[in-house]
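Chemist: Dropping the structure in here first, questions after.
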Amino acid sequence: MRKSVHVRRQRVRRRGRIGLTRAQALLVLFACAVFFCLLTGFVLAGGEEAEPVYASYKLVTVQPGDSLWELAGRYQEEAGIERAELIAAIKRANQLSHTLIYPGDNLLIPLAK
C-alpha cells in the first residue's frame, strides 16, 4: 500500500515540472535577448528627429520680466513659426531642460529657416 502512495507523489512531481533541457533554455534566453535588442533598437532609432536648420540666430540678453513665452511672441514673425514651436527651438538651441530663464542670461533665438 505504501508503494502506491509513493508512486502517486512521484507522478505529481513530474507533472508540475517543465521539461527543458539546457540547450532549450539557452535557446529561449538567446531569443529573448535578440528580441530585446531589436525592440530597443527600433525604439531608439524612431525617437530621434532631425534638428531643424535655421538661417540665422539672434543673441538676446534676458531682461527683468522676460519669459520664453514673451520672447517667442516678440520674435515669432522673424522666426516664421508658431510660438510654441519657437519656444521648443529656443530650448534646443540653448540646451535648456526647463523654461526658467533669468535676467542677464544670453539666449540664441533661431530665425527664419
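For what it's worth, my numbering labels the leading residue of the sequence shown as 17, then goes sequentially.
We treat Cβ as the ideally placed atom computed from N, Cα and C, and that holds for glycine.
Determine, using beta carbons only, whether leucine 75 and isoleucine 117 come nearer to each other than 8 Å.
Modeler: In the sequence shown, the residue the question calls residue 75 occupies position 59. In the sequence shown, the residue the question calls residue 117 occupies position 101. It is not a contact, given that the beta carbons lie outside the stated cut-off.
Chemist: Out of Ser72, Cys48, Pro80, state which residue places its alpha-carbon closest to the alpha-carbon of isoleucine 106.
Modeler: The sequence position of residue 106 within the sequence shown is 90, counting from 1. Looking at the Cα atoms, Ser72 is the closest of the given residues.
Chemist: Could you tell me the alpha carbon to alpha carbon distance between valine 28 and phenylalanine 46, rounded to whole angstroms?
Modeler: Counting from 1 along the sequence shown, the entry for residue 28 is found at position 12. Counting from 1 along the sequence shown, the entry for residue 46 is found at position 30. Note that valine 28 has pLDDT 49, beneath the 50 cutoff, so the model's placement of it is unreliable and the number below is only indicative. Going from the Cα of valine 28 to the Cα of phenylalanine 46 covers about 31 Å.
Chemist: Between which two residues does the alpha helix (DSSP H) harbouring leucine 84 extend?
Modeler: Counting from one through the sequence shown, the residue named residue 84 turns up at place 68. Leucine 84 -> alpha helix (DSSP H) spans 84–95.
Chemist: What did DSSP end up calling leucine 124 once you bin it into helix, strand or coil?
Modeler: Taking the first residue of the sequence shown as position 1, residue 124 is located at position 108. Note: leucine 124 maps to strand in three-state DSSP.
Chemist: Short of 7 Å in beta carbon distance, which residues of its chain neighbour glutamine 92, apart from the five on each side in sequence? Order them along the chain.
Modeler: The residue you call residue 92 lines up with position 76 of the sequence shown. Listed in chain order, the non-local C-beta contacts of glutamine 92 below 7 Å within the same chain comprise Arg99, Leu102, local neighbours out to five positions each way being set aside.
Chemist: In terms of residue numbering, what span does the beta strand (DSSP E) encompassing leucine 75 cover?
Modeler: Walking along the sequence shown from the start, residue 75 turns up at place 59. Segment 72–77, the beta strand (DSSP E) holding leucine 75.
Chemist: If you check the beta carbons only, do glutamate 94 and leucine 127 fall under 8 Å apart?
Modeler: Along the sequence shown, read from residue 1 onward, the residue named residue 94 stands at position 78. Along the sequence shown, read from residue 1 onward, the residue named residue 127 stands at position 111. Yes, they are a contact pair.
Chemist: In chain order, what residues of the same chain have a beta carbon less than 7 Å from the beta carbon of valine 78, not counting five sequence neighbours either side?
Modeler: The sequence position of residue 78 within the sequence shown is 62, counting from 1. The residues are Ile117, Tyr118, Pro119, Gly120, Asp121, Leu123.
Chemist: With distances taken from CA atoms, which of His114, Leu54, Ile125 is nearest glycine 96?
Modeler: Within the sequence shown, the letter at position 80 stands for residue 96. Per the Cα distances, Ile125.
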